[in-house]
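> I have a structure I would like to understand better, so I am pasting it below and will then ask my questions one at a time.
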């Protein structure tokens, strides 16, 4: 850590990981409800647990992105953060808003929450992933504006690198697209169409810019490869991400009302969406192979490589599996979608945040060479436990999805099994998914525990160049 | 990457490529919005449907169910439930009695909460589901089971 103000990232990382733990706990509740339908009913109905699970994911990733920016931007701009005070203040505002929202979900029925938070005045609630009350959404916008102002001013007074410009572009895009969450027309087709402006143009657009720039930053640090090379890769990756991803939004427009040309456009452009992810994998392995130093923080390098591979598998391969319109016609809204969602979010966004935390956190704790070997070994165990568990979660959900399509979607009306009867047939896969989820949780516990392992600084094999 | 492919070429590809596709996307958005009136069943957007959509949202129905394939996959698809459960003839009768019977209380079965909606609210929610079922969805879902 070169600049003192980078330390404001620390509370963001810690709070992100606390929320991550909460997300996984609720994931386990959901996994259990899939096999024991009335588990915790009526205290925590499925919809509430799911809302907590997905919203915690989004919020902790946002905390992770913000922490990443507060760490990365001063380092890249080679100057102190414009206002560390503002960053600390916004941390508490966002943490309070997030915590109150989750408490609201759990404490009162959703309809009551909608009523007391004034959803009648500007109805934005009750839509997937955007369930948070309208006032929380306003809070998010205020936090985002303050945050962007702060890092924007920092870059303005400092060095403008490709990495920090791309990161800021991604973050500004994220904030801009979020504004569509305030548009909720009565017309369901319009509602759904513009809902994807937030959801798709986040995860298959602006967030990819954030991910690629963080990856580039960590790769420069751990490999010592020339910045020129890294920046060229970064440009090509994000070029492909946006060239494929923007019109790739069309793969969500197949069945929700828009005209038929989206069947073609969505299929073609989303079929090339795996390319930027494949390039990220090539990029990460290439840079590590051409490394000019042996960075003693091997855990961070492992996360960076793993992130690139898992993002390609989860977002690229599992996305492609069901993105062509003739296939999506049968798989849309099945467990195959759930399989893709799990591995893509874990591989691309969970792992990129952990990659940065893995690199940054030791430096913030006065260990510029990374954690002790003992702590790194535990962290690498957690990498394999969580990652392999996620692979199995994805495989079991895919198997469930294929069977679901086979017995519920493919047969003609009258011969197809109904939804609930089909779900009973999938129980074995849901049990196996739950077991994998428990393994994931164990991996998470190991990961969190690794922060508390002391020991000596790792030996520096090749001194920092 | 080949040496001849320079960083500034990469940057131009990013800037030019994104700008080009953003403009196309905006154009297609305008075209879609222009074509939607013939497809989205807006002529049947009554006050009751509007009320029904609000109830759908205020009770977070999408947290368990999917609507035209979007939402959660824990409970049945409701985009075509209007046709699956009786259509013009008997959907409303079915729907009201079904909603009032929740939770069914069958041990181990997935359970739906009791939302305590009154008769007028159930009517509105049913109207919303009927309106949704009559949108042009390019023939999705593949069969009546959703």
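Residue numbers (the numbering used here), protein chains in the order written: chain A, 17 to 481; chain B, 605 to 750. We put the beta carbon where it would ideally sit given N, CA and C, even for glycine. Quick caveat, the model's predicted, so the values are computed rather than measured.
#1: If you measure beta-carbon to beta-carbon, which residues of the stretch 723-739 of chain B are closer than 9 Å to chain A?
#2: Which residues in chain B have a C-beta closer than 7 Å to the C-beta of residue 144 (chain A)? List them in chain order.
#3: Figure out for me which residue from A:397, A:366, A:460 has the closest Cα to the Cα of residue 80 (chain A).
#4: Can you tell me whether DSSP reads residue 395 (chain A) as helix, strand or coil?
#5: Can you confirm whether the stretch 96-116 of chain A touches the stretch 162-169 of chain A when touching is taken to mean that 3 or more C-beta pairs between the two stretches lie within less than 8 Å?
#6: If you measure from the beta carbon of residue 18 (chain A) to each beta carbon in chain B, is any gap under 7 Å?
#7: Strictly below 8 Å CB to CB, what residues from chain B border residue 9 (chain A)?
#8: So residue 297 (chain A) and residue 255 (chain A) are supposed to be a Cβ contact under 8 Å. How far apart are they, rounded?
#9: Is it right to say residue 610 (chain B) is buried, meaning 16 or more other beta carbons lie within 10 angstroms of its own, or is it exposed?
#10: Name, please, each residue of chain A whose Cβ falls closer than 7 Å to the Cβ of residue 639 (chain B).
#11: Does chain A have any CB closer than 7 Å to the CB of residue 705 (chain B)?
#12: Using the beta-carbon count (16 or more within 10 Å), is residue 66 (chain A) buried or exposed?
#13: Is there a Cβ of chain B sitting closer than 7 Å to that of residue 67 (chain A), yes or no?
#14: How about residue 222 (chain A) and residue 303 (chain A): do their beta carbons lie closer than 7 Å?
#15: Are the C-beta of residue 126 (chain A) and some C-beta of chain B separated by less than 7 Å?
#16: Return helix, strand or coil for residue 478 (chain A), following the three-state DSSP convention.
#17: Leaving aside the five residues before and after residue 415 (chain A) along the sequence, list all residues of the same chain whose C-beta is less than 8 Å from its C-beta, in chain order.
#18: When Cβ atoms are compared, which residues of the stretch 617-636 of chain B fall closer than 7 Å to chain A?
#19: Roughly how many angstroms separate the alpha carbons of residue 359 (chain A) and residue 410 (chain A), rounded to a whole number?
#20: So, do the stretch 424-432 of chain A and the stretch 371-381 of chain A have three or more beta carbon pairs nearer to each other than 8 Å?
#21: Beta carbon of residue 142 (chain A), beta carbon of residue 661 (chain B): below 7 Å?
#22: Rounded to whole angstroms, how far is the Cβ of residue 264 (chain A) from the Cβ of residue 282 (chain A), which I believe are closer than 8 Å?
#23: Any beta-carbon of chain A closer than 7 Å to the one on residue 646 (chain B)?
#24: Count the other C-beta atoms from every protein chain shown that fall within 10 angstroms of the C-beta of residue 21 (chain A), then say buried if there are 16 or more, exposed otherwise.
#25: Between the stretch 461-477 of chain A and chain B, which residues of the former have CB atoms less than 9 Å from a CB of the latter, in chain order?
#26: Answer yes or no: the CB of residue 104 (chain A) versus the heavy atoms of the ligand FMN, is any distance below 6 Å?
#27: Are the CB atoms of residue 210 (chain A) and residue 196 (chain A) nearer to each other than 7 Å?
#28: Distance, Cα to Cα, residue 253 (chain A) vs residue 224 (chain A)?
#29: Note down, in chain order, each residue of its chain lying with its Cβ closer than 6 Å to the Cβ of residue 478 (chain A), except the 5 sequence neighbours on either side.
#30: Which residues in the same chain have their Cβ closer than 6 Å to the Cβ of residue 678 (chain B), if we skip the five residues on either side of it in sequence?
#31: Could you compute how far the alpha carbon of residue 399 (chain A) sits from the alpha carbon of residue 738 (chain B)?
#32: At 8 Å on the CB atoms, spell out the chain B contacts of residue 429 (chain A), in chain order.
#33: Starting from the beta carbon of residue 712 (chain B), find every residue of chain A whose beta carbon is closer than 8 Å, and list them in chain order.
According to the structure data:
#1: Within the stretch 723-739 of chain B, the residues whose Cβ lies closer than 9 Å to some Cβ of chain A are 732, 735, 736, 739, listed in chain order.
#2: Correct list: 666, 674, 675.
#3: Minimum Cα distance to residue 80 (chain A) is reached at A:366.
#4: Residue 395 (chain A) sits in a helix when the DSSP states are folded into three classes.
#5: Counting Cβ pairs under 8 Å, three or more are found: they touch.
#6: Put simply, the CB of residue 18 (chain A) is far from chain B, with every gap to its CB atoms at 7 Å or more.
#7: What the structure shows of chain A is the stretch from 17 to 481, and residue 9 (chain A) is not part of that stretch, so it cannot be assessed.
#8: Not quite, the Cβ-Cβ distance comes to about 17 Å (not below 8 Å), so this is no contact.
#9: The residue is exposed, with fewer than 16 neighbouring Cβ atoms inside 10 Å.
#10: Per Cβ cutoff of 7 Å: 275.
#11: Not closer than 7 Å to any Cβ of chain A, the Cβ of residue 705 (chain B) fails to qualify, so no.
#12: It is buried - the Cβ of residue 66 (chain A) has at least 16 other Cβ atoms within 10 Å.
#13: Interface criterion met: the Cβ of residue 67 (chain A) is under 7 Å from a Cβ in chain B.
#14: Note that the C-beta distance between residue 222 (chain A) and residue 303 (chain A) is not below 7 Å.
#15: With 7 Å as the cut-off, residue 126 (chain A) counts as an interface residue toward chain B.
#16: In this prediction, residue 478 (chain A) has a pLDDT of 45, which is less than 50 and means its spatial position is unreliable; nothing more can be read from the coordinates.
#17: Take residue 415 (chain A), set aside five residues on each side of it, and the residues of its chain with a beta-carbon closer than 8 Å to its own are 445, in chain order.
#18: Answer in chain order: 617, 618, 621, 622, 625, 626, 628, 629, 636.
#19: Roughly 6 Å separates the two Cα atoms.
#20: Contact between the stretch 424-432 of chain A and the stretch 371-381 of chain A is absent, because fewer than three Cβ pairs lie under 8 Å.
#21: Cβ atoms of residue 142 (chain A) and residue 661 (chain B): closer than 7 Å.
#22: Correct: roughly 7 Å between the Cβ atoms.
#23: Using a CB distance cut-off of 7 Å, residue 646 (chain B) counts as an interface residue toward chain A.
#24: Around the beta carbon of residue 21 (chain A), 16 or more other beta carbons sit within 10 angstroms, so the residue counts as buried.
#25: Using a CB distance below 9 Å, no part of the stretch 461-477 of chain A faces chain B.
#26: Absence of the ligand FMN is noted for the structure shown, with no ligands found whatsoever.
#27: Taking a C-beta distance under 7 Å as the contact criterion, residue 210 (chain A) and residue 196 (chain A) qualify as a contact pair.
#28: Near 9 Å, if we compare the C-alpha coordinates of residue 224 (chain A) and residue 253 (chain A).
#29: Low local confidence applies: a pLDDT of 45 at residue 478 (chain A) is under 50, so the model's placement there is unreliable, and no value is given.
#30: Counting only Cβ-Cβ distances below 6 Å, and skipping sequence neighbours, we find 668.
#31: Taking the straight line joining both Cα atoms gives about 48 Å.
#32: Here the neighbours are 747, 748, 749.
#33: What residue 712 (chain B) touches in chain A: 52, 53, 54.
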